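Numbering (our numbering), first residue to last: 1 to 737.
Cβ atoms here follow ideal geometry from the backbone N, Cα and C, with glycine treated the same way.
Please read these numbers as outputs of a predicted model, since none were measured by experiment.
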Amino acid sequence: MLKVHSRCDLACDHCYVYEHADQSWRGRPTTMSPETIALVAERIADHVRGHGLDEIHVVLHGGEPLLAGRDRLASVATELRRRLDGLCRLDLRIHTNGMLLDDRFLDVFAAHGITVGVSLDGDRAANDRHRRYADGRSSHARAVRAVELLRRRPELYAGLLCTIDVANDPIAVYEALLALRPPRVDFLLPHATWDAPPARPTPTAYADWLVKIYDRWVADGRPTTVRLFESIIRTTHGGASLTEAIGLQPSTLIVIETDGSYELVDSLKVAHEGAPVTGHHVATTSLDEVAAHPGVRARQQGLRGVSAGCRRCPLVRSCGGGLYPHRYRSGSFDNPSVYCADLFTLIGHVRATTMRAHTLPSADLDTIASGLGGAEEVERLATAQLSLRRALLAAVRRKAGQSTAWDLLTRLDREHGAALAAVLTHPYVRAWAVACLRGDAPAARLANIAAAAAVHARLDARLDVEAVGGEVHLPTIGVLEGAGEGPAALVIEDGRARLRDGGPRSLRPVLRLVSGGFSVVLEDADPYRDCHRWRPAGRLTGEQAARWQEAFEQAWQLIEKEYPSYVPAIEAGLTTIVPLLPAEEGREVSSAARDAFGAVAAALPSDPATLALLILHEFQHVKLGAVLDLLDLFDESDRRLFHAPWRDDPRPIEGLLQGTYAHLAVTDFWRVRRHAEPEPARRHFAHWRVQTAEAIETLAGSKALTPLGERFVAGMRHAIAPWLAEEVAEPAAAPGR
Ligand code: SF4
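Okay, here's the thing in structure tokens:
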């Protein structure tokens, strides 16, 4: 983004350049000089050449760029094209308020291939709310006139940019913009931070405003590109966002000011004085060097670059934590967006209209059948599980009747959807709800779920919650001790929970295991975690927790290094590890439970490599359990038992399918491992590939599979075929055969 002029002929009161914390424009030259333009063009050309880029986007910006004048704009375009012609395609645009736009400017733009975007906030009433001259005059008529000129030269018309004000009528704004037949519309959230939040009459005012437009846009047959909506739809289906405002794709934007200084995304000016400064200049620094600046890198780390709260959010791959500047709070960007509630509601609405939660595309089934499954496939499984948990909570409410907890939950759902979803992703919410509906657990736990979500949302509340064994467990938050038996009175203030009567002053936060940017809960307290085949361990001591941390860190590093193709799915779906009691005979024990999507349970194994194997193995069960919640892969009425090569007792068809799918990963584990640890890995690989292949053939010949099940088993057979052809040195192959 080239700032070709640093002043403006309007005085819009929502402008981030002049009306927010950063006032650096006051010290800049008015216009970019010819010498600076030449240096900029040279830097861009060097960068294109160095990276073999076939396209580069340059936006001429300000201030108001038309104030630079026709000759200066023409010279910028000439210099850029002179340097870049023959090297790459140059997409050259200008963003203007349109006040000075006339046919002579358009002739210049036509001659130099510059397309034009115009800022316009809607109909006259909407536009005049902020976009005025310094003396208070309206700018609406001139902006519309500029667009009318552009409509006569459609090859130059790039689109309209509209900054949202929820005081405006959204449909009037939409209709006013659409009447100008824009090829593209950008709706921009007004720049704000947690320290300077936006004007917000209701908790999701911006989402509600955009949802009205979205519904109308869909009803109209999507008559123009709305970048925000298209980006949500694309990211929902695994594609890339079209805008920096949402999504996890790395930022590729750098700003060059009129004096030639490089700056970070210029909307950072809303955070604090000097926030966008890099300290680099085109005269001394290449674009490669400035791309290595920590402020640029911070916006290029995908999931690892967002806050812990966002990483737990089921919509993070669409939202990406929102526009980077909107995350700022008191010196840190490590927060969800100040528009979190709006983004969650809007993205949830768009997803609900474009994606059926309780189904799985056949392409996803094929990817999962191969033994892997990427982040998108597992995220779709997680979305379905979230929907299932909501339905289970509603069933509990029907059984138990109306309550304060239910009222709080519905309020959280309306106003703090991400906070509620963060709690509902906890695996044992479903385990408890299923037990409750069976009559094996009290409905009172609904209050603990509501309380945990209120803590995430920083919403003050008082309610009676369930205590078990004198402890109050708040899923994803932690444990309060000293509660006594029966219901406990809980107070939540300013994002903290405490017992109203006595008890410790602070809560023991949930334990976490961390390796690099990946983190899961180490759950040793949830009273409903006892739904696995093996008994859970009790509360961990500090020393035991430290041993888990050490083993997990090494196990995850091993998975990242040697099994990278498993990483995206596990990162997208594994939220929790539950310590189990060790088996008496000393063998390794691990488990996954159909009612606890997202959790793997294990006794701490003797070495990190075994923990890595257990995670890979059990996560196969996690994925397949979620697939079986959506699709019928076998005939449930078929009661026959089948031989599984790894067990003495015959298994029902579901058990054989689950075991075979898990052993696909086990085979792959030893296949890779034999390069680092030839024995016993070669022997294990030879053994498991034969057993897994045999089980696949048993499944294929079982006549118990549905057509989808046959497709799934064919996918497993396809995955193992090349491994069967791999050479394994004798005598390792012999025991396998
Ligand atoms: S928590 Fe909020 S800001 Fe973060 S990804 Fe989810 S919706 Fe976006």
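Query, Result
"Exposure of L641, with buried meaning 16 or more beta-carbon neighbours within 10 Å", "exposed"
"Span separating the alpha-carbon of R137 from that of A199", "24 Å"
"Range covered by the beta strand (DSSP E) that runs through S75", "No beta strand (DSSP E) holds S75; the alpha helix (DSSP H) holding it covers 70-84."
"R737 burial status per 10 Å Cβ neighbour count (16 or more: buried)", "Any reading at R737 must be qualified, since the residue scores a pLDDT of 39, below 50, and its modelled position is unreliable; no value is offered."
"H95 - partner residues in DSSP beta bridges", "G117"
"Runs of alpha helix (DSSP H) wholly within the stretch 209-261 (minimum 4 residues, chain order)", "227-236"
"Continuous alpha helix (DSSP H) assignments of at least 4 residues falling wholly in the stretch 597-659", "608-630"
"Nearest neighbour of R351, chosen from R317, V338, T367 [CA to CA]", "R317"
"Beta carbon of R535 nearer than 8 Å to that of L581", "yes"
"Start and end residues, beta strand (DSSP E) containing S403", "Looking at the DSSP string, S403 is not in any beta strand (DSSP E), and its letter there is neither H nor E."
"Whether V747 touches L264 by CB criterion (8 Å)", "Residue 747 lies beyond the stretch modelled for the chain, which goes from 1 to 737, so this question has no answer here."
"6 Å CB neighbourhood of G322 in its chain, flanking five on each side removed", "S337, Y339, L343"
"Close beta carbons around A11, own chain, < 7 Å, minus the five adjacent residues each side", "R132, Y133, A134"
"Own chain residues within Cβ distance below 6 Å of V423, not counting five before or after", "I449, A452, A453, P475, T476"
"Residue from P722, H112, R142 with nearest C-alpha to S119", "R142"
"Beta bridge counterpart(s) of I577 as assigned by DSSP", "L522, V600"
"Proximity below 8 Å, CB of T236 to CB of G247", "no"
"Delimiting residues of the beta strand (DSSP E) encompassing C436", "Segment 428-438 is the alpha helix (DSSP H) holding C436; no beta strand (DSSP E) there."
"Beta-bridge partners of A489, as assigned by DSSP", "D464"
"Residues bridged to D186 [DSSP beta-bridge criterion]", "L161"
"Where V218 falls, given that 16 or more other Cβ within 10 Å makes a residue buried", "exposed"
"Host alpha helix (DSSP H) of L10 (start-end)", "Element bounds for L10: n/a, residue is neither H nor E."
"F229 CB to nearest heavy atom of the ligand SF4 below 7 Å", "no"
"heavy atom of the ligand SF4 below 7 Å from C319 C-beta", "yes"
"Straight-line gap, G586 to L490 (C-alpha atoms, nearest Å)", "42 Å"
"With 16 other Cβ atoms within 10 Å as the buried cut-off, status of E244", "buried"
"C-alpha gap between C15 and D413, whole angstroms", "33 Å"
"Assigned secondary structure, P269 (DSSP; H/G/I helix, E/B strand, else coil)", "The residue asked about is misnamed: residue 269 is Lys in this sequence, not Pro. Three-state result, K269: helix."
"Supposed close pair I37, V48 - CB separation, criterion 8 Å", "Wrong, their Cβ atoms sit about 16 Å apart, outside the cutoff."
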